[in-house]
Structure formats: C-alpha cells, structure tokens
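Numbering (this note's numbering), first residue to last: -16 to 400.
Every residue, glycine too, gets a C-beta built ideally from N, C-alpha and C.
Bear in mind that the values here come from a model prediction, so they are computed numbers and not experimental data.
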C-alpha cells in the first residue's frame, strides 16, 4: 500500500490510546523518536516534583520519610512496574542503576549456584557479543572479582547449544539496543533451566514498550531502567526482579542498611530483610523515585494491549515508508522486519549515519546514533502519533535528496551521540 499523510491522520483519529499523548509535555514542532533512550516528560511530574521539593522536603523536612511515605517508594514503584513486566507484587523494587542491579543479581545468582550445586563446576556466565556494554563490563568485573568465573560470549544463533552444564547464569538483553531484535525469552529460559542454569534478563529496551511476561516465561531474575519507556526522567532509578521462589535463597552481595531486616534497630550485624526488600542497599533517592512513579503511573493507566499493538504498527509503517521513500539512498534495515521479533524501534544502517541524524535533529526530528553506523528511531506508543512517522520519513527523504547532511556542522561529533 502506498501510504499518504492523510492516511496516517486517519489512523490517529481511530487510535484507541491517542489520548495518552495529552499526559506528556512535548515541545511544539518536535517529533521525538528517542524515547528508547530518554522518555518524554509527563505533565504530572512537574507538579509532583514541586510538591516533593517545596512541601515535603522544604517544609516537612525529615518528617516526610513518614508523613509522605518516602520510605516505601522502592516497593511502591516496584509494585507499579510489576504488571508491566509479568511479575507479581512483591517481586520488583525500584532502586539503584541498571549497572548496579546487574552486579547485585549476577553476583547473588553465581554464589547461590555455588552454594546449592557445590562441586558441579558451574562457573560460566553466558552472554552474547554485542550485548549492551554495561552488561558485559559488569560481568567482566564480576569475573575478575570472583576469580574462578568465566564470562563466555556466543553469537545469538548459538546460544541454545552453548547452554551446557557448566553454565551458572544466562544473561541476555531482551531487546537488543542496536538492532531491536527480540530474544525468545521463554525458549532460552527453558533451555537454561534444562541444564540447571538461571536466567537473568535485561529489560531496559522492552519494559513499557512491548509485552513482557517474566513469570509466564519462568524467568529467574531481571533488571531494567526507568528513564526510557517508563518516562522516569534522566538518570531515573532502575528496577530489579527476583522470582518469589528464589527470594529466600538469593543473598545480596551489597548488604546495605536499607536491605536489613530492621534498619532502624541499627545493629552491628547484617540480617537480610525478607523477600525482595533485601535487595535494597542505600537510602532511596526520593526525588528520582517520585519522578519515576509518575512516569509509571501513565503507563499503568493505559490499555496495554492496544499500546503494545500500536508500538508494533508504528514500526511496521516506518519500515514501509523507508522502503517507499529511501530505496535509492544507501540505507540498510538492521532490525527484524517481523514485528514479533522486533522491539519498539527501527534501526537503519548508513555510513554517514551520524551526520544524517544531526541533520534530522536540526529539523526537529529527534532520533539517535550508535557507532559505527546505526540510526535508531524509537516509538514510544504513549505519545508518538502515526502522522509523526510520516513526517519523520518525509524529513529524512528530503535531507537525503537535498544532500543537507553533507554540511560540515553535521559532522562535528558531540560528547553524547
């Protein structure tokens, strides 16, 4: 089908979740296709942060740990996130960063495997090359720290065969950050369990963008970030999931005071809190958690089936328009074309990708670039319209046809791409 802008407007008019866009404070004249890197600002967050800073901190001061219930923010936000990722209440907390949570859960999983399977030689953490760098860096550091742990990376197509009895932990990112490819969580988790391994999933590029069912897939552990599709703001706290069946046996390697069974007893010896609470570490970041709570509330109030169907449709339409408009300009489609195997993003390859993205940004179409040649366009279904897809590709086609990207200013590299 040869799409037109009017056809996109007609899709917007029939969109059952179109009203969710009104929950966001989007700048005029901007098409924001970078929600897979930093989500947009929910309108409610402004008022919530003013309340936290001006009233709760400014007037009530330390009393707000009780009067404003600051102390329960990690579990309160975690319980809001839980249904978005197929978890139950009491299985998720919002805390720390994704990197810190990866370390906490991976270290806990490996030591639990050693304790429960002593003498079985389970010393391998299995992942894939090209995984998000922090996942690999943290595992490299953990292997160095523990000394007798090996990080083994195997290309995606060989992962199932690489799950051998020496694997303690499978660590994968559900949606690949560059290509948008989706792993088969259920199949790989089942294969891991068949050889006695645990499965730890990084949901940073899937939570809030597509349907995730951790418990339905039998996942053991998961992490994810709060500042992408959950719209928690720059540097928002992350979250972690521990399946209820593991909560008593998984010991936190960072045994901070907030993970103590009685933190305000101030005893000298660590006693882990029951359940998910033991995976808290330091004092909760109240301002960041408050912003994240507002972002998750927007997602929690939406029709998720309609929302996730829209995210797939947006990607499909973007690819159709790329095929129609950009065939002569040297782009490669790097993401899967099958929406069931693709996250809520489209990734294109071009040897001048950085300059092209910068020219788009000057036009008000904000995507991003990942070295060496990947242009990423993320479709946050809460606030992206179908007409935005048309307009974005229209700008991209014009930039290529006019050669605007060739101008020198678009080739100057910024610190953040």
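Nonlocal neighbours in the same chain, by C-beta distance under 8 Å from residue i, ignoring five residues either side
| i | result |
| --- | --- |
| residue 193 | 158, 165, 291, 294, 295, 326 and 327 |
| residue 111 | 136, 137, 138, 139, 142 and 155 |
| residue 235 | 87, 91, 242, 255, 261, 262 and 264 |
| residue 178 | 146, 147, 148 and 150 |
| residue 345 | 393 |
| residue 315 | 331, 332 and 333 |
| residue 124 | 86 |
Close-in-space but distant-in-sequence residues of the same chain around residue i (CB under 6 Å, 5 per side omitted)
| i | result |
| --- | --- |
| residue 181 | 92, 152 and 203 |
| residue 245 | none |
| residue 208 | 81, 187 and 221 |
| residue 174 | 143 and 146 |
| residue 351 | 17, 20 and 359 |
| residue 371 | 14 |
| residue 4 | 366 |
| residue 318 | 162, 163, 325, 329 and 330 |
| residue 226 | 203 |
Pick from the options that is closest to residue i, judged by C-alpha positions
| i | options | result |
| --- | --- | --- |
| residue 47 | 34, 58 and 29 | 34 |
| residue 7 | 365, 72 and 68 | 365 |
| residue 374 | 285, 22 and 301 | 301 |
| residue 16 | 395, 273, -6 and 330 | 330 |
| residue 105 | 372, 133, 113 and 115 | 133 |
| residue 190 | -11, 223, 218 and 179 | 223 |
| residue 457 | 285, 218, 267 and 257 | Because the chain here runs from -16 to 400, residue 457 falls outside it and cannot be looked at. |
| residue 401 | -7, 179, 95 and 248 | Residue 401 is absent from the structure shown; the chain starts at -16 and stops at 400. |
| residue 243 | 171, 163, 261 and 228 | 261 |
| residue 228 | -15, 400, 393 and 71 | 71 |
| residue 115 | 184, 282, 386 and 49 | 184 |
| residue 59 | 283, 398 and 356 | 283 |
| residue 384 | 311, 251 and 167 | 311 |
| residue 195 | 97, 240 and 168 | 168 |
| residue 97 | 42, 129 and 124 | 129 |
Euclidean distance between Cα positions of residue i and residue j
| i | j | result |
| --- | --- | --- |
| residue 205 | residue 238 | 19 Å |
| residue 280 | residue 391 | 43 Å |
| residue 148 | residue 131 | 16 Å |
| residue 288 | residue 297 | 14 Å |
| residue 12 | residue 113 | 35 Å |
| residue 299 | residue 320 | 7 Å |
| residue 276 | residue 313 | 42 Å |
| residue 201 | residue 117 | 24 Å |
| residue 266 | residue 379 | 46 Å |
| residue 349 | residue -13 | 22 Å |
| residue 216 | residue 25 | 9 Å |
| residue 54 | residue 248 | 15 Å |
| residue 36 | residue 79 | 21 Å |
| residue 253 | residue 99 | 22 Å |
| residue 42 | residue 251 | 33 Å |
| residue 240 | residue 218 | 23 Å |
| residue 486 | residue 126 | Because the chain in this structure spans residues -16 to 400, residue 486 falls outside the shown range and cannot be described. |
| residue 171 | residue -4 | 40 Å |
Within 7 Å, strictly: CB atoms of residue i and residue j
| i | j | result |
| --- | --- | --- |
| residue 69 | residue 233 | no |
| residue -1 | residue 263 | no |
| residue 67 | residue 121 | no |
| residue 73 | residue 259 | yes |
| residue 161 | residue 353 | yes |
| residue 9 | residue 23 | yes |
| residue 322 | residue 31 | no |
| residue 39 | residue 51 | yes |
| residue 77 | residue 61 | yes |
| residue 278 | residue 214 | yes |
| residue 369 | residue -9 | yes |
| residue 119 | residue 150 | no |
| residue 89 | residue 75 | no |
| residue 386 | residue 356 | no |
Cβ-based neighbour list, residue i, same chain, cut-off 7 Å, excluding 5 preceding and 5 following
| i | result |
| --- | --- |
| residue 388 | 335, 338, 339, 342 and 382 |
| residue 18 | 211, 212, 361 and 363 |
| residue 376 | 301, 304, 305 and 308 |
| residue 199 | 69 |
| residue 268 | 220 |
| residue 347 | 12, 13 and 14 |
Any chain B beta carbon closer than 7 Å to residue i
| i | result |
| --- | --- |
| residue 313 | Among the chains in the structure shown there is no chain B, since it carries only a single protein chain. |
| query | What are the start and end residues of each continuous alpha helix (DSSP H) run of 4 or more residues lying completely inside the region 324 to 367, in chain order? | reply | 336 to 345
| message | As an exercise, report each continuous beta strand (DSSP E) stretch of at least 3 residues that is fully enclosed by the region 170 to 213, in chain order. | response | 181 to 185 and 204 to 207
| said: As an exercise, report each continuous beta strand (DSSP E) stretch of at least 3 residues that is fully enclosed by the region 83 to 158, in chain order. | reply: 107 to 110, 133 to 136 and 150 to 156
| task | Pick out the complete alpha helix (DSSP H) segments inside the region 14 to 97, 4 residues or longer, and give them in chain order. | result | 26 to 33, 47 to 50 and 56 to 64
| Unbroken beta strand (DSSP E) runs of length 3 or more, entirely within the region 244 to 301: which are they? | none
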